[in-house]
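*Asks:* Let me begin by handing over the structure; questions about it come next.
In my numbering, the protein residues as written are 16 to 337.
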């Protein structure tokens with residue numbers, strides 16, 4: 016009996032130690048920011064279709080030219096003792112939009128939408144989320160910590176325009192950041208566009224562990240979360256439920272997703288949609304993958320967004336992109 020107890024104890028110790036090591040490695044891969052000028056294959060760009068990738072490169076070339084000629088400035092704010100950087104494009108109106116990029120992305124990837132909103136008369140703020148691009152932080156906020164930063168960006172806008180009507184528009188992790196923020200019902204935010212958000216951080220990590228690594232989430236993620244919480248600028252992954260925040264939101268929201276999204280199951284848009292008790296709409300682009308709706312059919316995307324925002328933003332009219 017003694018040897019059986021010792022054997023069980025040793026197995027438990029090995030299991031715990033192995034889980035901590037594997038979990039830490041997973042966290043290192045998933046939540047530690049990329050090295051400068053590096054974007055790995057697990058970013059949203061990796062999943063683009065041929066057509067979407069072609070359009071991505073086309074829009075990238077066009078917006079690089081636009082950025083050189085349009086008047087703008089690079090601003091920074093302090094949030095949680097972190098320096099966060101954003102592009103700002105000013106217009107003569109009280110309409111504002113904050114554009115939020117996806118996982119391991121950067122602000123430049125949202126410039127195509129920035130140009131479109133700017134041409135529609137919006138003031139545009141395009142930040143690098145914490146742990147991305149020029150913004151500080153070792154760890155990626157996965158939308159949950161970014162909600163605090165968004166409140167500070169919103170305060171930045173209101174301090175300069177007390178009559179501002181602000182739209183939050185995000186892709187993937189940026190959509191989650193927008194939804195986390197709306198759950199806090201910030202002042203002057205009148206609408207949200209959530210393009211392919213997940214329902215929880217743990218949920219998407221569980222799928223990654225199962226699909227990419229063939230590993231069980233328990234007890235690895237549990238140990239990883241405990242270890243991660245001990246680090247500076249970290250957070251509790253268990254508390255980061257987008258659904259819980261959406262249930263608390265009073266902000267009108269448009270949910271967008273592609274029917275062939277292999278990253279975020281289509282049921283998750285239904286879960287988020289059903290959780291919101293405010294005004295809401297849900298649009299599914301048939302045959303489109305993760306974070307590709309804008310790239311696959313921008314004309315349709317622009318019409319969908321325009322129609323939704325017209326209810327909450329005055330003088331919002333569609334301007335066709337040249």
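Ideal Cβ positions, reconstructed from N, Cα and C, are used throughout, including at glycine.
Please read these numbers as outputs of a predicted model, since none were measured by experiment.
1) Suppose the cutoff is 8 Å on Cβ atoms and the five residues either side in sequence are ignored; what does the same chain contact list for residue 293 look like?
2) Using 10 angstroms around the beta-carbon of residue 112, count the other beta-carbons present and answer buried if the total reaches 16, otherwise exposed.
3) Given a threshold of 16 other Cβ atoms within 10 Å of its Cβ, counted over all protein chains shown, does residue 65 qualify as buried or as exposed?
4) Please classify residue 150 as buried or exposed, where buried requires at least 16 other C-beta atoms within 10 Å of its C-beta.
5) Looking at the secondary structure, which residues open and close the beta strand (DSSP E) in which residue 275 lies?
6) Rounding to the nearest angstrom, what Cα-Cα distance links residue 195 and residue 212 in this structure?
7) Let me make sure I understand the geometry here. Which of 217, 303, 272, 184 has the alpha-carbon closest to that of residue 324?
8) Since residue 288 is in the alpha helix (DSSP H), which residue starts that stretch and which ends it?
9) Note down the Cα distance separating residue 221 from residue 140, rounded to an integer number of angstroms.
10) Would you give the residue range spanned by the beta strand (DSSP E) that residue 94 belongs to?
11) Measure from the alpha carbon of residue 200 to the alpha carbon of each residue in 162, 190, 119, 216, then state which is nearest.
12) Roughly how many angstroms lie between the CA atoms of residue 88 and residue 284, to the nearest whole one?
13) Any chance the stretch 71 to 84 sits against the stretch 118 to 134, with 3 or more Cβ pairs inside 8 Å?
14) What did DSSP end up calling residue 202 once you bin it into helix, strand or coil?
15) If I measure Cβ to Cβ from residue 132 and keep anything under 6 Å in the same chain, skipping five residues before and after, which residues do I get?
16) State the Cα-Cα distance for the pair residue 135 and residue 110, rounded to the nearest angstrom.
17) Under 8 Å between the Cβ atoms of residue 303 and residue 256?
18) Following the continuous beta strand (DSSP E) through residue 185, name the residue where it begins and the one where it ends.
19) Only counting the same chain, and skipping five residues up and downstream in sequence, which positions put a Cβ closer than 7 Å to that of residue 90?
20) What would DSSP say about residue 258, mapped onto helix, strand or coil?
21) By a C-beta neighbour count over all protein chains shown, 10 Å radius and 16 as the cutoff for buried, is residue 311 buried or exposed?
22) Report the CB separation of residue 127 from residue 171 in whole angstroms; it is logged as a contact under 8 Å.
23) Report yes if the C-beta distance between residue 158 and residue 191 is below 8 Å; otherwise report no.
24) Counting along the chain, where does the beta strand (DSSP E) carrying residue 296 start and finish?
25) Which residue comes first and which comes last in the beta strand (DSSP E) that contains residue 102?
26) Spatial neighbours of residue 203 within its chain, please: C-beta separation below 6 Å, excluding the five flanking residues on both sides.
27) Nearest to residue 143 by CA position, among 117, 280, 254, is which residue?
28) In whole angstroms, what is the alpha-carbon distance linking residue 326 and residue 290?
29) Does DSSP classify residue 214 as helix, strand or coil?
30) Do the CB positions of residue 97 and residue 189 come within less than 8 Å of each other?
31) Would you please state the rounded distance, in angstroms, between the beta carbons of residue 270 and residue 295? I believe it to be under 8 Å.
32) Would you report the Cα separation of residue 92 and residue 217, rounded to the nearest angstrom?
33) Alpha carbons only, please: which of 129, 105, 175, 164 is nearest the one belonging to residue 146?
*Replies:* Answer, in terms of the structure:
1) Excluding residues up to 5 positions away in sequence, 264, 265, 266, 267, 268 lie with their Cβ nearer than 8 Å to the Cβ of residue 293 in the same chain.
2) buried
3) exposed
4) buried
5) Careful: residue 275 lies outside any beta strand (DSSP E) and carries neither H nor E.
6) 10 Å
7) 184
8) If you look at residue 288, you'll find it in the alpha helix (DSSP H) that goes 281 to 290.
9) Their backbone Cα atoms lie some 33 Å apart in a straight line.
10) 88 to 94
11) Closest by alpha carbon: 162.
12) 35 Å
13) yes
14) coil
15) 112, 139
16) 10 Å
17) no
18) 180 to 186
19) 101, 103
20) helix
21) buried
22) With 8 Å as the limit, residue 127 and residue 171 do not qualify as a contact, their Cβ atoms being about 23 Å apart.
23) yes
24) 295 to 300
25) 97 to 104
26) 173, 179, 181
27) 117
28) 21 Å
29) coil
30) no
31) 7 Å
32) 29 Å
33) 164
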